[in-house]
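In this note's numbering, the protein residues as written are 125 to 357.
The structure is reproduced here in structure tokens:
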């Protein structure tokens, strides 16, 4: 059994903690980001597709009055968990891309032969420019920012003590943003390099953030999916 620090936002962290328990590990949840719902009103009209790259975006609009008008729209999701959440919320036509935004873009390039109007539900902080990339293909992508992620200011004392005391076997990093927040909370790259802990990163991009600290052990799976990540423990 390993003791694993989970740094995801709280709702996602709870799901990961449950998965860790099922695998026989002990999770310790310390969110590096707080998700705050709110932001843009959803544009009116009919869309050919809805694009969602994070389950937080779906949760952010689920209680809005206009949400139910969207569930008949074909939805493209990044990640199996995001796709499963969409189906649970009533979406009938869901395509799931388990790897990353790049695989979604590759699909659109092949599948959307005619110009599409799509609604992209997203957070305020995004990597890459999905709107510009798909727009260059002739599609009209309307962005609605529906949540923001606020960075943690520090570790709880018991978490800081467990990290420095070698009482945590591994830290799960799911995004570059949470990895950067972890580094800041730890006191910077030099402090991270001194921690006696493995850093388990969802993707190569996240691992690059942690490797830049010269941490002793940084690993990532061949597939950027949670089951592959947890298999590294």
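Glycine is no exception: its CB is placed at the ideal position from the N, C-alpha and C atoms.
Given the structure is predicted, the values throughout are model-derived calculations rather than measurements.
Inter-residue Cα distance where the pair is residue i and residue j
{"i": "residue 187", "j": "residue 338", "result": "43 angstroms"}
{"i": "residue 273", "j": "residue 236", "result": "31 angstroms"}
{"i": "residue 261", "j": "residue 208", "result": "28 angstroms"}
{"i": "residue 221", "j": "residue 269", "result": "21 angstroms"}
{"i": "residue 331", "j": "residue 323", "result": "8 angstroms"}
{"i": "residue 201", "j": "residue 175", "result": "6 angstroms"}
{"i": "residue 184", "j": "residue 276", "result": "20 angstroms"}
{"i": "residue 217", "j": "residue 210", "result": "9 angstroms"}
{"i": "residue 158", "j": "residue 239", "result": "36 angstroms"}
{"i": "residue 249", "j": "residue 256", "result": "15 angstroms"}
{"i": "residue 151", "j": "residue 306", "result": "17 angstroms"}
{"i": "residue 281", "j": "residue 266", "result": "43 angstroms"}
{"i": "residue 234", "j": "residue 131", "result": "36 angstroms"}
{"i": "residue 327", "j": "residue 212", "result": "27 angstroms"}
{"i": "residue 146", "j": "residue 293", "result": "17 angstroms"}
Of the residues the options, the one placed nearest residue i, counting alpha carbons only
{"i": "residue 191", "options": "295, 215, 313 and 145", "result": "215"}
{"i": "residue 206", "options": "181, 226 and 227", "result": "181"}
{"i": "residue 247", "options": "265, 256, 327 and 177", "result": "177"}
{"i": "residue 313", "options": "293, 336, 326 and 278", "result": "336"}
Cβ-Cβ separation, residue j to residue i (assumed contact under 8 angstroms), whole Å
{"i": "residue 137", "j": "residue 160", "result": "Not really, about 16 angstroms apart at Cβ, beyond 8 angstroms."}
{"i": "residue 179", "j": "residue 271", "result": "Rounded, the Cβ-Cβ distance is 11 angstroms, inconsistent with contact."}
{"i": "residue 286", "j": "residue 251", "result": "With 8 angstroms as the limit, residue 286 and residue 251 do not qualify as a contact, their Cβ atoms being about 30 angstroms apart."}
{"i": "residue 354", "j": "residue 144", "result": "7 angstroms"}
CB contact flag (residue i, residue j, <7 angstroms)
{"i": "residue 134", "j": "residue 155", "result": "yes"}
{"i": "residue 321", "j": "residue 295", "result": "yes"}
{"i": "residue 303", "j": "residue 333", "result": "yes"}
{"i": "residue 165", "j": "residue 149", "result": "no"}
{"i": "residue 348", "j": "residue 224", "result": "yes"}
{"i": "residue 204", "j": "residue 241", "result": "no"}
{"i": "residue 309", "j": "residue 278", "result": "yes"}
Whether or not the region 189–198 and the region 167–179 are in contact is what I'm after, with contact meaning three or more pairs of Cβ atoms, one per stretch, closer than 8 angstroms; do they touch?
yes
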